[in-house]
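Engineer: Before I ask anything, let me first share the structure, which is written out below as structure tokens.
Protein chains: 2
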Amino acid sequence: MIGVFDSGVGGLSVLASLRRALPRADLLYYADTARLPFGSRSPALIRRFAREAGEKFRLFGVDFLQVACGTVSAVGLDEIAAAAHCPVSGVILPVVERIASDGKRRVLILSTEATANSRAYETALAEKIPGVATLSLGCPLFVSLVECGFCAKNDPALLSLVGRTLLPGQTFFPDSVLLGCTHFRRLSPLIAQLFPGVPLYDCGEAAASALTASAEGQAERGEGKLRVLVSDGPERFRRTAERVAGLFGVTVEEVPQDE
Amino acid sequence: MIGVFDSGVGGLSVLASLRRALPRADLLYYADTARLPFGSRSPALIRRFAREAGEKFRLFGVDFLQVACGTVSAVGLDEIAAAAHCPVSGVILPVVERIASDGKRRVLILSTEATANSRAYETALAEKIPGVATLSLGCPLFVSLVECGFCAKNDPALLSLVGRTLLPGQTFFPDSVLLGCTHFRRLSPLIAQLFPGVPLYDCGEAAASALTASAEGQAERGEGKLRVLVSDGPERFRRTAERVAGLFGVTVEEVPQDE
């Protein structure tokens, strides 16, 4: 069974990619909705959340864990891996490898504040692309916009808010934009309008592709089961997942929080 | 010592009112920034957060606790009071009494989703104003907008986002708008533009006035000390408090989270 972790609905795009590519794989999605957004918390708290999420996945009994949360991938990957007791992948390396193999040299990195502060993407990019130029922007409101369903692509007010945050990125003249938080894919039609002709690289999509390539053999063995669990508000999550991610007809279970 | 509780910076306006009115009172502000926003969580989780906040105030040793969080006032006041072991006031009754004494009859209530679902303001209004007409709107993005510093009054994009949420309120033709979450005061110049000539009633301001009136005798006995504590990210909170609430020169301490 493959586990997928995010704070909220952002990782559902990773889940959807895995379901399409590995239709027989058994999948378990767990979102820590009781404590989102992660990206505005301190590193110490994110690492604690990561450890506790890892413990949940160990109890769920997954064989492999895909962290679909950019913030935990950047700040708490060691902690979630140590607690999960299974192989764990984050979303940093796959997208960085894709950008490197496409020969890009000026990368604008969009992420949560905590991910930006960690410099995890910059470090990985500098290792894979000698001489790469990077600019990293923390985008504090983006996760809340997506979680509240504000992501319509023809919304001038949204475009204005998003554009204001990304203004320093436009004068950087990037040859590639890295979406370093899985929630941001929902805003990609808006972001694309601000960078015409510049390709967007979604960390979640790259991670799902990498996982699909490595897991294809095992995919034949499952029954195509899907479980979706959240730490708070299953009904609210179900509605948001329908509206934002097009995930229909799925039962959402609640995992009690630790006291 | 008077304690003031909120999830984030929203309650700082209550704190500022208390400091002005009771300059010698000793004040302790505690914000549970590790778990904001409260208003999108389930009632059970909010009640748990309320209980844990109450336990913190008991350890801090406050003599009176002003809950400056609309969501906890609506959903978890009994829990925070039971754990705090001191007299506790919320923000619901003072603002409702002010609206009643002004003879208002059509009240538009703006709050978080959890507060709207609780119907706490409607219930209190119906008790004080027989035959009152109310419309309650949950405003999911507003707390995140304020916490991220998006509250400039001349921002057309913000006005558009806020206006969209409040559209059903405009066709209700209210004679009064109740700001049922202390964060919303930061958006009041925007909200006022959407309801020209209609008075806004801020739950935090009404609560601070009521507390000031009842505590005036004790105010002489303190030394005017102020402590500000948060459960995560003291430096981030300090910056937001400066920018959003004009609170300068205050040390923000971190209270460790329970394991």
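Same order as they appear, the protein sequences are chains A and B.
Per my numbering, the first sequence starts with residue 40, numbered consecutively.
Per my numbering, the second sequence starts with residue 40, numbered consecutively.
Idealized CB from N, CA, C, for every residue including glycine.
#1: Skipping 5 residues on each side, what residues in its chain have a beta carbon closer than 7 Å to that of residue 132 of chain A?
#2: Mind checking if residue 189 of chain B is an interface residue toward chain A, Cβ cutoff 8 Å exclusive?
#3: Report the residues of the region 65-87 of chain A with a CB closer than 9 Å to any CB of chain B, ordered along the chain.
#4: Counting only the same chain and skipping the five closest in sequence on each side, list residues whose C-beta sits under 7 Å from that of residue 286 of chain B.
#5: Going along chain B, which residues have a C-beta under 7 Å from residue 199 of chain A?
#6: Using a Cβ-Cβ cutoff of 9 Å, what residues of the region 166-184 of chain A are near chain B? List them in chain order.
#7: Which whole-angstrom value is the C-beta distance of residue 123 of chain B and residue 96 of chain B, which I expect to be below 8 Å?
#8: Considering residue 150 of chain A, what are the terminal residues of the beta strand (DSSP E) in which it resides?
#9: Could you pull the start and end residues of the alpha helix (DSSP H) that residue 191 of chain B belongs to?
#10: Within this structure, are the beta carbons of residue 125 of chain B and residue 98 of chain B separated by less than 8 Å?
#11: Measure from the C-beta of residue 271 of chain A to each C-beta in chain B and report whether the shortest distance is under 8 Å.
#12: Applying the 10 Å Cβ sphere with the 16-neighbour rule, what's the burial state of residue 151 of chain B?
#13: Hey, residue 145 of chain B and residue 214 of chain B: beta-carbon distance below 8 Å or not?
#14: Given 8 Å as the limit, is there contact between the region 51-64 of chain A and the region 236-256 of chain A, that is, 3 or more CB pairs closer than that?
#15: List the whole-angstrom C-beta distance separating residue 190 of chain B from residue 226 of chain B, where the pair is believed to meet the contact cut-off of C-beta under 8 Å.
#16: Assuming residue 129 of chain B contacts residue 112 of chain B under a Cβ cut-off of 8 Å, what Cβ separation, rounded to an integer in Å, is found between them?
#17: Considering only the alpha carbon of each residue, which of A:221, A:208 and A:197 lies closest to residue 106 of chain A?
#18: Please report how far the alpha carbon of residue 283 of chain B lies from the alpha carbon of residue 116 of chain A, in whole angstroms.
#19: Give a yes or no on whether the C-beta atoms belonging to residue 147 of chain B and residue 54 of chain B are separated by under 8 Å.
#20: Do three or more CB pairs link the region 164-184 of chain A to the region 133-140 of chain A at distances below 8 Å?
#21: In the DSSP output, which residue or residues are listed as bridge partners for residue 103 of chain B?
#22: Taking DSSP as the reference, what is the three-state secondary structure of residue 261 of chain B?
#23: To the nearest angstrom, how far is it from the Cα of residue 230 of chain B to the Cα of residue 266 of chain A?
#24: What residue range does the alpha helix (DSSP H) around residue 51 of chain A cover?
#25: Check residue 279 of chain A in the structure and name its three-state DSSP category.
#26: Can you check which of these residues, B:201, B:243, B:209 and B:210, is closest to residue 228 of chain B by C-alpha distance?
#27: Given a cut-off of 8 Å, decide if residue 272 of chain B and residue 72 of chain B are closer than it, judged by their beta-carbon atoms.
#28: Please state the DSSP three-state secondary structure of residue 248 of chain A.
#29: Please tell me whether residue 208 of chain A and residue 176 of chain A are closer than 8 Å, where the distance is taken between their beta carbons.
#30: From residue 85 of chain A to residue 185 of chain B, what distance separates their C-alpha atoms?
#31: In chain order, what are the residue ranges of uninterrupted alpha helix (DSSP H) at least 4 long that sit wholly in the region 133-184 of chain B?
Structural biologist: If we stick to the structure as given:
#1: 163
#2: yes
#3: 72, 73, 74, 75, 76, 79, 80, 81, 83, 84 and 87
#4: 51 and 280
#5: 196
#6: Only those residues of the region 166-184 of chain A whose C-beta falls short of 9 Å from the nearest C-beta of chain B are listed: 179, 180, 182, 183 and 184.
#7: 5 Å
#8: 145-150
#9: From DSSP, residue 191 of chain B is part of no alpha helix (DSSP H); its letter is neither H nor E.
#10: no
#11: yes
#12: buried
#13: yes
#14: yes
#15: Correct: roughly 6 Å between the Cβ atoms.
#16: 3 Å
#17: A:221
#18: 33 Å
#19: no
#20: yes
#21: B:41.
#22: coil
#23: 42 Å
#24: Residue 51 of chain A -> alpha helix (DSSP H) spans 51-60.
#25: In the structure shown, residue 279 of chain A falls within a helical segment according to DSSP collapsed to helix, strand and coil.
#26: B:201
#27: yes
#28: Judged by DSSP in its simplified three-state form, residue 248 of chain A adopts helix.
#29: yes
#30: 22 Å
#31: Within the region 133-184 of chain B, the runs of alpha helix (DSSP H) at least 4 residues long that lie entirely inside it are, in chain order, 152-157 and 159-167.
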